[in-house]
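Chains as they are written, first to last, in the numbering used here: chain A, 1406 to 1800; chain B, 1406 to 1800.
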C-alpha cells in the first residue's frame, strides 16, 4: 500500500470512529436515568426496544475502555466505560455466577441462555475496564468469569443441550473462536497471568475439530469428535464472516508472538472464506453458504450484514501487512469499497446493519440483540491503529 | 363470482392439488425404509436434511387423511396416512405424553420444544386418520393429547417460560388461534364429543386478549392480561398472514354453526390484515409489520412467504362467499394472481416458499422445519371444495 493511501485511510478510519460511530452511540444510548446503555435503537437513534441486551452492554463497555487504552486518554470514554461496568456488575449476574442475556431498562432479568457468549463479552468488558482504570475488583471478576466459562466449556453436559445428547452430540465453532479473543483481551489486562497455553488450546480446537482442508472449509458444526455431519444442513453450514474473524484472531496471535507460522496457518481460512463468501453477482459477502453448494436453510442466507464486512476489512488489511501478499490488499480495497458505498447511513450516522443481496436496505435499525457498537468501531479502531503503526515505523 | 370463473378455478385447484402438489410429496417424501416421511427436501425433491420435523410429519398425515375424507376415497391416501400415523405413534412421543419436535430419519429423538405446537399437529393427524379409518385407538390418542394441551395451556407455569416470569409474563396469539382449528378437526372426528364450548373459549381468548380495535390490529404478543407492550418490538408485532388464518378459522366456525354474527366478528381481522399486509410497492403480503409503523426486527420481515398467501387466498374466497362482499373477491383475485405468478415452481413442481420482497427467489427449498405439504394443499383443497359446493348449489 502506498504511503499516501495509508495516510488517507488512517485519517478516514479515525474520523469516522470519533466523529460518527462513537457520537451516535454516546449521544443516543447513554442511559443516565437507569444506568448502562439503551442500545436497541432505530435508524435515528430512538429507542426501538427498552430491553437491554447484555451482549451489547458488554461490548459497548469494552469498546469505550479499549478506545481509552489504545487511542486517546479521553476522560469521557473512561467514565462511560465505568458507567457500563457499574450496570453489568449490578444487574448482569445470576446467583450461579452466570450472566443474563437480556434485562429490562431498569435491570430486571428477562432471559438467560444456554450458551456462554454473554459471559465471554462480560469478560472483555470487565478486563478492558480493569486495564483502563486499574480496578482490581473488575479484573478479579473477569478472571473468575473466564474460569467459569472454561470450566463449563470443558465439562460436556454442564449446560442444557439443544439437541438430545443420547441421539446427537455436536460441537460449535463459535465457542472455540470466541475463547481465543476473550483470552487475548484478558491477557492484556493481566500481564502476569498465564494465558498462552489456553489460547493455544483454543486454536488447536479450531484446527482439530472444525478445519477440513479437503473441503477447503471451516465448518460451523461438527460431531463431538469432529465428524462431518454431511446429512444435515447445520453440518454443511459455512459462515464466511465468522471464519474471517477467527482467521484474524489467530493472525493477531501470530503478530503478538512474532510467529509467522501461526499467521500462515490462518491464511487458508481467510482465502477459502473470501472465495466462497464473495458474491460475484452483486458484490459483498454472503451470510451463509452450504459447503456442498446446496441451498442454505437460513432465510437471511443471501443478505449482506455489516459485521462480516467489518471483519473482512480488518482481516484482509492485517493479512496484507503480516504476509505482504498483494491479494489481501486487493481484497481489502474491494471489500472496503463495497462496504462504504452501501452500509454508512449518511443521514443519521453509523451503519445500516442489514442489506438485501442487491445492496438495498432491508432493515434500517441501528441496534438489536446482536447489533450495537462493536464490529464497526473495532474495525475502525484496529484499522487506524495498524495503519498508524506503519506510518510510525516508516518514520 | 361468475359461474364460468367458479368452474375454471374449481378445476384449477383440483388439478394443481392432485397432479402437482401431492405427487411431489408422495413421490419424494415417502420413506419406505425407515417409515414416515422425509419432508426436508430441496427444490428437486432430494433430501436436504435427514431430520424428520414432527410438525411436518403430522401435517402431511393430516392432509392425506383429509383428502381421503373430503375429496376422494383413494386407497393410496389412506394407506399413506396410516404410514404417517404409524411413525408418529412409534417415534413421536416422549414418556410424559408430550411430542418431540424433531427426530432422526430412523426415529431417534432430537429435540423437544417448550411450545405445544407439535402436539396440536399431532392431534389433527391422529383425529383425521381416525375419521378416515375408524381406528378408535388413534381417536383416543388424539383426545388424550388434546386434553394434555388444554391442561398445560390453562396452567400458567406448567411449561418452561422463555422469559423470566417474575419480570414479564406474556401471552401469544398462536396458542389461542391454533386451538380453534385443532378442536374443529377433532370435533369432525368425534361427533359425539363436546367441543363447541372449548372452541368458544379459544375464540374468546383471541378477542379478549389480542384484538385491539383502537389500533386496528390483532397483536401477536400481549401482557398476561392483554396489556399492550408498546415499548417492545414483540409487543408491536403484527403477522398479517397469521391473523388472516385466525380470521378464516373463525369464519369457518360461523359457517359450521350457520352463525353470520361470528363471520362478521372476524371480518375486521381480515380487513385490517389485508390493508396492513399488502405491499403496494411490489405486490404480495409482507411477513411482519410493526403496528406503529416502526422497523420490524425480524430479518425476514419484508420477504414474501408461501404460507401467508395460501391463507389469504382461501380466507378471502371464504369471506366473499359468506358475506357476498365484492371487496373480498377483488382481494382474492389480486392475491391469487400475484401468488400463482411468483410461487409455483414450473420446473420441479410444488411452490417456492421464500421470495425476496421484489418477488425473486430467496430460497428454493421445498421443505424445512416449517414448510411441507400443509398450507398449499389445504388451500387448494378448501378452495376447490368451496367452489364445488357452490356449483352444486347452483345446480
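Think of the CB as a built atom: it goes at the ideal place given N, C-alpha and C, for glycine as much as any other residue.
Check distances from the C-beta atoms of the region 1497-1527 of chain B to those of chain A and list, in chain order, the residues that come in under 9 angstroms. 1505, 1507, 1508, 1509, 1510, 1513, 1514, 1515, 1516, 1517
Using a Cβ-Cβ cut-off of less than 8 angstroms, list which residues of the region 1700-1719 of chain B approach chain A; keep chain order. 1700, 1701, 1702, 1704, 1705, 1706, 1707, 1708
Report the option in 1529/B, 1414/B, 1476/B whose CA atom is closest to the CA atom of residue 1489/B. Per the Cα distances, 1529/B.
Taking three-plus beta-carbon pairs below 8 angstroms as touching, is the region 1654-1674 of chain B in contact with the region 1720-1731 of chain B? Touching, per the Cβ criterion.
Note down the Cα distance separating residue 1554/B from residue 1519/B, rounded to an integer number of angstroms. 12 angstroms
Counting along the chain, where does the beta strand (DSSP E) carrying residue 1575/B start and finish? 1575-1577
By the criterion of Cβ-Cβ separation under 8 angstroms, what are the contact partners of residue 1761/B in chain A? 1761, 1762
Would a check of beta-carbon distances place residue 1567/B closer than 8 angstroms to chain D? Among the chains of the structure shown, chain D does not appear; the protein chains present are A and B.
Hey, residue 1636/A and residue 1455/B are a contact pair by Cβ (cut 8 angstroms); roughly how many whole angstroms apart? 4 angstroms
Can you find a CB in chain B that lies within less than 8 angstroms of the CB of residue 1434/A? Answer no: the Cβ-Cβ gap between residue 1434/A and chain B never drops below 8 angstroms.
Quick one: is residue 1750/A near chain B, going by C-beta distance under 8 angstroms? no
Just to confirm, is the Cβ distance from residue 1789/B to residue 1712/B under 8 angstroms? For residue 1789/B and residue 1712/B, no; Cβs fall outside 8 angstroms.
With 16 as the cutoff for other CB atoms within 10 Å, does residue 1563/A come out buried or exposed? exposed
Less than 8 angstroms between the CB atoms is what I'm expecting for residue 1608/B and residue 1585/B, so what's the real figure, rounded? Their Cβ separation, rounded to whole angstroms, is 6 angstroms, which keeps residue 1608/B and residue 1585/B in contact under 8 angstroms.
In chain order, which continuous runs of the alpha helix (DSSP H) of length 4 or greater are located wholly inside the region 1497-1566 of chain A? 1522-1538, 1541-1559
What three-state label does DSSP hand residue 1706/A in the structure shown? coil
I need the straight-line Cα distance from residue 1652/A to residue 1522/A, nearest angstrom please. 19 angstroms
Using the three-state DSSP reduction, which class does residue 1627/B fall into: helix, strand or coil? strand
Buried or exposed: which applies to residue 1437/A, given that a residue is buried once 16 or more other Cβ atoms fall within 10 Å of its Cβ? exposed
Assumed close pair residue 1356/B, residue 1445/B - CB separation to whole angstroms, cut-off 8 angstroms: Residue 1356/B is absent from the model: chain B starts at 1406 and stops at 1800.
Could you spell out the range, first to last residue, of the alpha helix (DSSP H) harbouring residue 1674/A? 1665-1682
Counting Cβ pairs, one atom from each stretch, are 3 or more of them under 8 angstroms apart for the region 1536-1546 of chain B and the region 1476-1490 of chain A? no
Taking the alpha carbon of residue 1700/A as the point to measure from, which residue in 1561/B, 1595/B, 1449/B has its own alpha carbon closest? 1449/B
What's the call for residue 1410/A, buried or exposed, on a 16-neighbour Cβ count within 10 Å? By the neighbour-count criterion, in which a residue is buried when 16 or more other Cβ atoms sit within 10 angstroms of its Cβ, residue 1410/A is exposed.
For the region 1647-1667 of chain A and the region 1594-1613 of chain A, state whether three or more C-beta atom pairs, one from each stretch, are separated by less than 8 angstroms. yes
Compare the Cα-Cα distances from residue 1472/A to each of 1423/A, 1574/A, 1515/A, 1526/A and report the closest residue. The option with the nearest alpha carbon to residue 1472/A is 1423/A.
Please report whether the beta-carbon of residue 1685/B lies at a distance below 8 angstroms from any beta-carbon of chain A. no
Please determine, among 1797/B, 1535/B, 1766/B, 1591/B, the residue with the shortest C-alpha to C-alpha distance to residue 1706/A. 1766/B
Between residue 1754/A and residue 1429/A, is the Cβ-Cβ spacing less than 8 angstroms? yes
Along chain B, in chain order, which residues have C-beta atoms closer than 7 angstroms to that of residue 1638/A? 1453, 1454
Quick one: which chain A residues come within Cβ less than 7 angstroms of residue 1572/B? 1509, 1513, 1514, 1515
DSSP-derived helix/strand/coil call for residue 1572/A: coil
Residue 1609/A at chain B interface by Cβ criterion, 8 angstroms: no
Please check the pair residue 1594/B and residue 1535/B, which I expect to be a contact at CB under 8 angstroms, by giving their CB distance rounded to whole angstroms. Correct: roughly 5 angstroms between the Cβ atoms.
Could you please tell me which residues of the region 1766-1792 of chain A, in chain order, have their CB closer than 7 angstroms to any CB of chain B? 1767, 1768, 1769, 1770, 1773
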